[in-house]
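The next block holds one structure in the form of structure tokens; read it before the comments.
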Amino acid sequence: MREPQAVTIERQQLTVAAIEQRYYLVNDRDKLAALTRLFETENLTSALIFARTRVGTAALASELAVRGFPAEALHGDMSQEAREQVLGRFRRNQIKVLVATDVAARGLDIDNISHVFNFDLPYDPEAYVHRIGRTGRAGKTGIAITLLTPGEQGRLRRIEGYTRQKITPATLPTEADIQASRDAGLRERMLIWLRRGRYSREQAMVQALVEEGHDLAEIAAAA
Numbered sequence: 000m001r002e003p004q005a006v007t008i009e010r011q012q013l014t015v016a017a018i019e020q021r022y023y024l025v026n027d028r029d030k031l032a033a034l035t036r037l038f039e040t041e042n043l044t045s046a047l048i049f050a051r052t053r054v055g056t057a058a059l060a061s062e063l064a065v066r067g068f069p070a071e072a073l074h075g076d077m078s079q080e081a082r083e084q085v086l087g088r089f090r091r092n093q094i095k096v097l098v099a100t101d102v103a104a105r106g107l108d109i110d111n112i113s114h115v116f117n118f119d120l121p122y123d124p125e126a127y128v129h130r131i132g133r134t135g136r137a138g139k140t141g142i143a144i145t146l147l148t149p150g151e152q153g154r155l156r157r158i159e160g161y162t163r164q165k166i167t168p169a170t171l172p173t174e175a176d177i178q179a180s181r182d183a184g185l186r187e188r189m190l191i192w193l194r195r196g197r198y199s200r201e202q203a204m205v206q207a208l209v210e211e212g213h214d215l216a217e218i219a220a221a222a
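Residue numbering for the sequence shown follows numbering that gives the first Met the number 0, beginning at 0 and increasing consecutively.
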């Protein structure tokens with residue numbers, strides 16, 4: 000009879016390299032302000048935000064909508080019909096932001112989510128893995144962002160130990176960063192209009208203002 004041998008199987012990383020993971024250290028009362036700053040500067044196609052409670056999802060979706068970021072909540076108390084209606088709007092890109100609980104997001108199968116936000120960090124490391132796995136699908140890259148309060152740093156270390164990956168600390172965008180992002184967005188929209196040539200009415204208005212003696216650069220800035 001052969002001598003028994005011990006076999007050690009090394010656990011692999013539980014998250015994929017296509018997902019960029021980072022966290023921002025913020026006080027709990029500043030989370031919403033931090034989230035809106037990130038919305039201003041991230042190249043966001045569609046986002047799934049995780050909150051801890053049903054009440055939290057509804058409140059956060061409402062606050063984001065007030066701030067100019069249309070969002071809807073998804074939670075376990077919704078009827079199946081209401082759930083499908085919300086998901087349908089999200090899939091059709093009628094809304095770009097979905098705020099969900101872990102329970103409500105079970106079985107969610109959408110491939111084009113560019114960002115996952117942990118507005119509330121989960122207690123269970125496995126829940127973190129399931130959350131961020133909603134992005135970086137179908138050969139695409141994704142971004143997973145956690146808003147971390149000072150008291151949650153130990154929990155984050157446990158998640159890093161579980162996934163065997165470091166989560167990168169990052170600094171929130173400044174007002175200058177936000178303004179630069181807005182300027183870049185405006186420039187891109189102007190270039191699109193110029194390429195399409197859909198500005199004949201506006202061109203006539205500009206010409207009339209020039210004939211009245213206004214400076215062309217000032218007209219462009221005012222527009």
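Note that CB positions come from ideal geometry on N, CA and C, so glycine has one too.
Can you tell me which of the options puts its alpha carbon nearest to the alpha carbon of residue i?
{"i": "Tyr-22", "options": "Thr-40, Asn-117, Leu-86, Asp-29", "result": "Asn-117"}
{"i": "Thr-40", "options": "Glu-210, Arg-200, Thr-170", "result": "Thr-170"}
{"i": "Arg-36", "options": "Arg-194, Thr-44, Glu-174", "result": "Glu-174"}
{"i": "Gly-97", "options": "Gly-55, Ala-32, Gln-164, Gly-160", "result": "According to the sequence as given, residue 97 is Leu; it is not Gly. The shortest Cα separation from Leu-97 among Gly-55, Ala-32, Gln-164, Gly-160 belongs to Gly-55."}
{"i": "Gly-141", "options": "Asp-123, Leu-43, Arg-66, Leu-24", "result": "Leu-43"}
{"i": "Asp-108", "options": "Leu-86, Tyr-122, Glu-125, Arg-66", "result": "Leu-86"}
{"i": "Thr-145", "options": "Glu-159, Gly-138, Ala-137, Arg-136", "result": "Glu-159"}
{"i": "Ala-143", "options": "Pro-124, Arg-130, Leu-155", "result": "Arg-130"}
{"i": "Pro-124", "options": "Ala-137, Gly-153, Arg-136, Thr-134", "result": "Gly-153"}
{"i": "Ala-33", "options": "Glu-211, Ala-81, Ile-177", "result": "Ile-177"}
Alpha carbon to alpha carbon, how far is residue j from residue i? Give it in angstroms, no decimals.
{"i": "Gln-206", "j": "Ala-179", "result": "29 angstroms"}
{"i": "Val-209", "j": "Ala-104", "result": "56 angstroms"}
{"i": "Glu-83", "j": "Asp-110", "result": "16 angstroms"}
{"i": "Glu-201", "j": "His-74", "result": "46 angstroms"}
{"i": "Thr-167", "j": "Leu-147", "result": "12 angstroms"}
{"i": "Ile-94", "j": "Glu-151", "result": "31 angstroms"}
{"i": "Arg-53", "j": "Leu-120", "result": "15 angstroms"}
{"i": "Ile-48", "j": "Glu-187", "result": "27 angstroms"}
{"i": "Arg-90", "j": "Asp-101", "result": "19 angstroms"}
{"i": "Ser-113", "j": "Phe-68", "result": "16 angstroms"}
{"i": "Glu-19", "j": "Trp-192", "result": "33 angstroms"}
{"i": "Ala-72", "j": "Ala-60", "result": "6 angstroms"}
{"i": "Arg-28", "j": "Gly-132", "result": "27 angstroms"}
{"i": "Ala-16", "j": "Ala-203", "result": "52 angstroms"}
{"i": "Arg-10", "j": "Ala-126", "result": "Reliability of the predicted coordinates at Arg-10 is poor, the pLDDT of 46 falling under 50, and the value obtained from them is presented with this limitation in mind. If you take the alpha carbons of Arg-10 and Ala-126, they lie about 18 angstroms apart."}
Which of the three DSSP states is assigned to residue i in this structure?
{"i": "Asp-118", "result": "Note on residue identity: the sequence assigns Phe, not Asp, to residue 118. Three-state result, Phe-118: coil."}
{"i": "Ala-169", "result": "coil"}
{"i": "Leu-73", "result": "strand"}
{"i": "Arg-66", "result": "coil"}
{"i": "Ala-16", "result": "coil"}
{"i": "Lys-139", "result": "coil"}
{"i": "Gly-184", "result": "helix"}
{"i": "Ser-61", "result": "helix"}
{"i": "Arg-133", "result": "coil"}
{"i": "Arg-36", "result": "helix"}
{"i": "Ala-104", "result": "coil"}
Which partner residues does residue i have in the DSSP bridge list?
{"i": "Arg-21", "result": "Ile-144, Thr-167"}
{"i": "Phe-49", "result": "Ala-99, Asn-117"}
Within 8 angstroms: the Cβ of residue i and any heavy atom of the ligand MN?
{"i": "Thr-173", "result": "The ligand MN is absent from the structure shown, which contains no ligands of any kind."}
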